[in-house]
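Asks: Position 283, counted from 1, in the sequence shown is what the working numbering calls 736; the numbers after and before it change by one each time, with no gaps.
We treat Cβ as the ideally placed atom computed from N, Cα and C, and that holds for glycine.
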Amino acid sequence: MTSKKRILSAIQPTGDMHFGNYFGAVQNWVRLQEQYDCVYGVVDYHAMSMPYNPKKLRENTWSILFNLIAVGVDVDNLFIQSLVPEHAELSWIFNCFCSYGQLSRMTQFKDKSQQSKEKATDAFISAGLFGYPVLQAADILIYRADYVPVGKDQEQHLELTRNIAERFNKQVGKDYFVLPETLYTEVPKVMSTADPARKMSKSAGEKHHINVFADEARIRKQIKSAVTDTGQATEGMSAGVENLFSLLGASGKKEAYEYLRTCYQNGTLKYSELKAEVAEGLVGLSAVFKDRKAAIEQDKKNIKNQIKASSAQIRKRAQETVKEVKELTGLANVRF
Ligand code: ADP
Numbered sequence: 454m455t456s457k458k459r460i461l462s463a464i465q466p467t468g469d470m471h472f473g474n475y476f477g478a479v480q481n482w483v484r485l486q487e488q489y490d491c492v493y494g495v496v497d498y499h500a501m502s503m504p505y506n507p508k509k510l511r512e513n514t515w516s517i518l519f520n521l522i523a524v525g526v527d528v529d530n531l532f533i534q535s536l537v538p539e540h541a542e543l544s545w546i547f548n549c550f551c552s553y554g555q556l557s558r559m560t561q562f563k564d565k566s567q568q569s570k571e572k573a574t575d576a577f578i579s580a581g582l583f584g585y586p587v588l589q590a591a592d593i594l595i596y597r598a599d600y601v602p603v604g605k606d607q608e609q610h611l612e613l614t615r616n617i618a619e620r621f622n623k624q625v626g627k628d629y630f631v632l633p634e635t636l637y638t639e640v641p642k643v644m645s646t647a648d649p650a651r652k653m654s655k656s657a658g659e660k661h662h663i664n665v666f667a668d669e670a671r672i673r674k675q676i677k678s679a680v681t682d683t684g685q686a687t688e689g690m691s692a693g694v695e696n697l698f699s700l701l702g703a704s705g706k707k708e709a710y711e712y713l714r715t716c717y718q719n720g721t722l723k724y725s726e727l728k729a730e731v732a733e734g735l736v737g738l739s740a741v742f743k744d745r746k747a748a749i750e751q752d753k754k755n756i757k758n759q760i761k762a763s764s765a766q767i768r769k770r771a772q773e774t775v776k777e778v779k780e781l782t783g784l785a786n787v788r789f
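1. Taking C-beta to C-beta, are P633 and Y585 nearer than 8 Å?
2. Can D606 and K655 be called in contact, C-beta distance under 8 Å?
3. Let me check one thing: in DSSP terms, what residues is C491 bridge-paired to?
4. By Cβ distance below 6 Å, which residues in the same chain neighbour L727 in space, the five residues on each side in sequence not counted?
5. Can you tell me the Cβ-Cβ gap for V526 and Y493, rounded? I've got them flagged as a contact below 8 Å.
6. Would you kindly work out how many angstroms separate the C-alpha atoms of A785 and E777, rounded to a whole number?
7. Using three-state DSSP, classify H471 as helix, strand or coil.
8. Near L722, what residues of its chain come up, given a Cβ to Cβ distance below 7 Å and the 5 sequence neighbours on each side ignored?
9. Should K652 be listed as close to ligand 1, given that the test is whether its C-beta is under 7 Å from any heavy atom?
10. Look at the alpha carbon of E487 and the alpha carbon of T635, and state the distance between them as a whole number of angstroms.
11. Please work out which residues of its chain come closer than 6 Å, Cβ to Cβ, to Q534, disregarding the five sequence neighbours upstream and downstream, and give them in chain order.
12. Note down, one range per segment and in chain order, each alpha helix (DSSP H) of at least 4 residues found wholly within the segment 551-587.
13. Would you check whether ligand 1 has a heavy atom nearer than 7 Å to the C-beta of Q607?
14. Just checking, does the segment 511-520 make contact with the segment 463-474 on the three C-beta pairs under 8 Å criterion?
15. According to the neighbour-count rule (16 or more other Cβ atoms, all chains shown, within 10 Å of its Cβ), is D668 buried or exposed?
16. How would you label Q624, buried or exposed, when you count the other beta carbons within 10 angstroms and need 16 or more for buried?
17. Where does T614 fall in DSSP's three states?
18. Over the uninterrupted beta strand (DSSP E) stretch that includes P602, give me the two end residues.
Here it is in structure tokens:
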């Protein structure tokens, strides 16, 4: 048994990893591995909550796993959610510890159901999308995680997770679940460069996210066309410029960051110069990741087997929790 604090985080297998995912969460995943006992999931059950294509779902699951390894996540810490079906079982139990009213207030549900309406011709909004935060609570609590490194967009879901844990503990008369806390990076919210009023997101469409593994030319083009001013009068720095500074700092270009910050204060900042430095920073990071990804591509079969094995290992922990939960809640179990 390890005495290290536990960490859980997850990402959806919907398209490629973007710099919002990376700077907002995944960069932290990599750093935290040294100090904590970490488990990181690719949550394919979650990806079914929006209209999706089954063949693509499986392809994306493997591809995001390869991407995570390429940016530095340890294979042994990774699992595929559907290989640990106990998540779905615990989610059902948690449905009974979560109020309908609280779920209806989730802003991500409101945003994503709006996107579903815009995208799908039949405007289908699944009950899975509504129950998504309950499954997320199961993802976290099943490993009794102390900390959850996520972007700021997940704050409300974490609050709900703690509420479920509290209600559960109260009902069973035992402090069984730890109340998990969020861990934010220096850039908890990366905005879309095409529209700095909304967050960078895969689900919002092509121009609203910059793929970590994109061609150099594409990254440069997306940064070059980043919106800096909306034409409306703003007090202080505009959201677009602030976002570019965040990206610059996060990509590790500290000197350029300090220098351009001073230029901004003196009123001599050229947006073209800021954009060139941001592009340089992102392209530099991306090149390292792409090299590692090329090596992974050569060894796919072996890596897939390693991920299946790590999922089976991680599943043992989940099974232990579900067994105890069934005992505590009066459900049938092995000793029944
Ligand atoms: P998406 O919102 O693009 O569908 P996911 O829901 O799979 O991405 O999120 C995976 C992780 O990335 C989560 O921890 C989430 O908080 C983080 N994340 C996603 N978008 C951003 C963003 N724009 N800024 C910061 N973190 C983000």
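Replies: This is what the structure gives:
1. Locating residue 633 in the sequence shown gives position 180, where the first residue counts as 1. Locating residue 585 in the sequence shown gives position 132, where the first residue counts as 1. The answer is no: Cβ separation not under 8 Å.
2. Within the sequence shown, the letter at position 153 stands for residue 606. Within the sequence shown, the letter at position 202 stands for residue 655. Result no, Cβ atoms of D606 and K655 do not sit closer than 8 Å.
3. Here the question's residue 491 lines up with position 38 in the sequence shown. For C491, which the question treats as bridged, DSSP gives the partners I460.
4. For the purposes of this step, residue 727 is taken as residue 274 along the sequence shown, with counting starting at 1. These residues qualify, in order along the chain: L697, L713.
5. As a first step, residue 526 is located in the sequence shown; it is residue number 73 there, counting from the start. As a first step, residue 493 is located in the sequence shown; it is residue number 40 there, counting from the start. Sure, about 6 Å apart at Cβ, within 8 Å.
6. Locating residue 785 in the sequence shown gives position 332, where the first residue counts as 1. Locating residue 777 in the sequence shown gives position 324, where the first residue counts as 1. Distance between the alpha carbons of A785 and E777 is about 11 Å.
7. For this step, residue 471 is matched to residue 18 along the sequence shown. Here H471 sits in strand by DSSP.
8. Taking the first residue of the sequence shown as position 1, residue 722 is located at position 269. Within the same chain, L722 has close Cβ partners L713, C716.
9. Counting from 1 along the sequence shown, the entry for residue 652 is found at position 199. Within the cutoff, so yes.
10. The residue given as residue 487 occupies position 34 in the sequence shown. The residue given as residue 635 occupies position 182 in the sequence shown. So the alpha carbons of these two residues sit roughly 18 Å apart.
11. As a position in the sequence shown, residue 534 is number 81, starting the count at 1. Contacts found: G494, V496, D497, Y498, H540.
12. 553-557, 560-572
13. Indexing the sequence shown from 1 puts residue 607 at position 154. Yes - ligand 1 has a heavy atom lying nearer than 7 Å to the Cβ of Q607.
14. yes
15. By one-based count along the sequence shown, residue 668 stands at place 215. Exposed, since its Cβ has fewer than 16 Cβ neighbours within 10 Å.
16. Against the sequence shown, residue 624 aligns to sequence position 171. Result: exposed.
17. Stepping through the sequence shown from its first residue, residue 614 is reached at position 161. Helix at T614.
18. As a first step, residue 602 is located in the sequence shown; it is residue number 149 there, counting from the start. Residues 600-602.
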